[in-house]
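The structure appears below as structure tokens.
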Amino acid sequence: MTISVHESASASAMVQLFSVRQARNGDYLLDAGLSESEVEALSACAEWTATYPLQRVKKGRRLEAICPMVSPSIAADAMHFTVDRIDDSGNLESIDELLLRNAKAFHRIDPGDDPRLRCLVVVIPGARGQRLLDATHPDREIKNELLCQGILVGEFFPSCPFATTFNPRLFALRSPAPMYVLRPFIEGDWRFICKVSAWQQTYRARFGEPPARLRHLGSPLWRLKEKFRWRIEALRRRFEPGFSASPSSPDEPISD
1374 MTISVHESAS ASAMVQLFSV RQARNGDYLL DAGLSESEVE ALSACAEWTA
1424 TYPLQRVKKG RRLEAICPMV SPSIAADAMH FTVDRIDDSG NLESIDELLL
1474 RNAKAFHRID PGDDPRLRCL VVVIPGARGQ RLLDATHPDR EIKNELLCQG
1524 ILVGEFFPSC PFATTFNPRL FALRSPAPMY VLRPFIEGDW RFICKVSAWQ
1574 QTYRARFGEP PARLRHLGSP LWRLKEKFRW RIEALRRRFE PGFSASPSSP
1624 DEPISD
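Pasting the structure below:
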């Protein structure tokens, strides 16, 4: 499926979307006009996304998939893939344009009966993972702009050092190639956005106050505890080779 996305009165871009089945089929992607490097990256990410997050892991006392929404999203044919490019030497505004272009494509995906299942995986072959993080840093506006559109964007790349929120030894953001994942911004996402005031405001404008079970996150006491934890982790990173930051570190990619 190809979607025409008009970025301005004088410019337009074509976002070519692939279903999970299509994205896992290298021959199909070649026939669709993708280069060999694009096919390699896209098919690898599609295979990984369709299988790895389905692995069942312990989350406290529960045993469930790493990402419980992936399976129903695939079943509803609401997960799509595309491939895009960035210039690592260019300015970050070019990545903003990439995200906004794909956000328009995201909104055009039919999620079936449940809009929470809509998902767009944007594979970016050859990009540096840090570049993806730099573009969506809290000091920049693009992530909040997407939140205002009802989209939470996550950053994935092979060397991503950040663990999951439920297991500090599980690095579920290490995809085969760099990619952004766009999915709906939902009420339970407070834990991913609570550290940034502007994001909190966007959340409250959309959902009101966070659920009671999450309300302590982002509070002054919570922030104080986090500061102490960050300092301890900074010391551990300095003196313990191979130590990885917890998912609550201040420079983490706030994503699912």
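All residue numbers for the sequence shown refer to this note's numbering, where the first residue is 1374 and numbers rise by one. Backbone N, C-alpha and C define an ideal beta-carbon position, used for all residues, glycine too.
Counterpart residues of residue i in DSSP-defined beta bridges
i	result
P1557	I1524
T1537	According to DSSP, which records beta bridges pairwise, T1537 is partnered with nothing at all.
T1509	DSSP, once it has assigned bridges, lists no residue as partnering T1509.
V1456	V1496
F1529	M1552
Secondary structure of residue i, DSSP reduced to three states
i	result
K1477	helix
R1491	coil
T1422	helix
K1568	coil
R1577	helix
A1438	strand
R1429	strand
S1392	strand
I1515	helix
F1612	helix
D1562	helix
P1445	helix
R1547	coil
E1582	coil
R1504	helix
A1632	In this structure the chain extends from 1374 to 1629, so residue 1632 is not present and cannot be described.
I1482	coil
CA nearest to the CA of residue i, picked from the options
i	options	result
E1466	V1496, T1509 and M1387	T1509
T1422	A1550, V1388 and K1568	A1550
C1418	M1387, P1531 and F1479	P1531
L1555	L1525, R1611, P1484 and T1538	L1525
P1541	V1430, W1572, N1398 and R1394	V1430
R1577	N1464, N1517, A1536 and L1403	N1517
A1500	I1515, C1533 and P1511	C1533
M1552	E1613, I1605, N1475 and H1480	N1475
L1449	R1394, P1498 and R1611	It is worth fixing the name first, because residue 1449 is Ala in this sequence and not Leu. Cα-wise, what sits closest to A1449 is R1394.
R1435	S1548, R1579, F1539 and E1420	F1539
G1485	F1580, L1473 and S1446	S1446
N1464	L1402, R1513, R1397 and F1535	R1513
Own chain partners of residue i with C-beta closer than 7 Å, once the 5 adjacent residues on each side are dropped
i	result
L1427	A1438, V1443 and S1444
G1406	none
V1569	P1511
F1479	R1491, L1493, I1524 and L1555
I1482	A1451, H1453, R1491 and L1493
Sequence-distant residues of the same chain with beta carbon closer than 6 Å to residue i, five excluded per side
i	result
M1374	L1390
F1612	none
Contact test: residue i Cβ vs the ligand MG heavy atom, cutoff 7 Å
i	result
L1555	Among the components modelled here there is no ligand, and therefore nothing to report on the ligand MG.
Sequence-distant residues of the same chain with beta carbon closer than 8 Å to residue i, five excluded per side
i	result
Y1425	I1439 and A1545
* Does the stretch 1496-1512 come within contact of the stretch 1467-1475, defined as at least 3 CB pairs closer than 8 Å? -> yes
* Is the stretch 1453-1463 touching the stretch 1388-1400, taking contact as three or more C-beta pairs under 8 Å? -> In short, these stretches touch, since the Cβ pair count reaches three.
* Pair every Cβ in the stretch 1489-1497 with every Cβ in the stretch 1567-1586, then say whether three or more of these pairs are closer than 8 Å. => no
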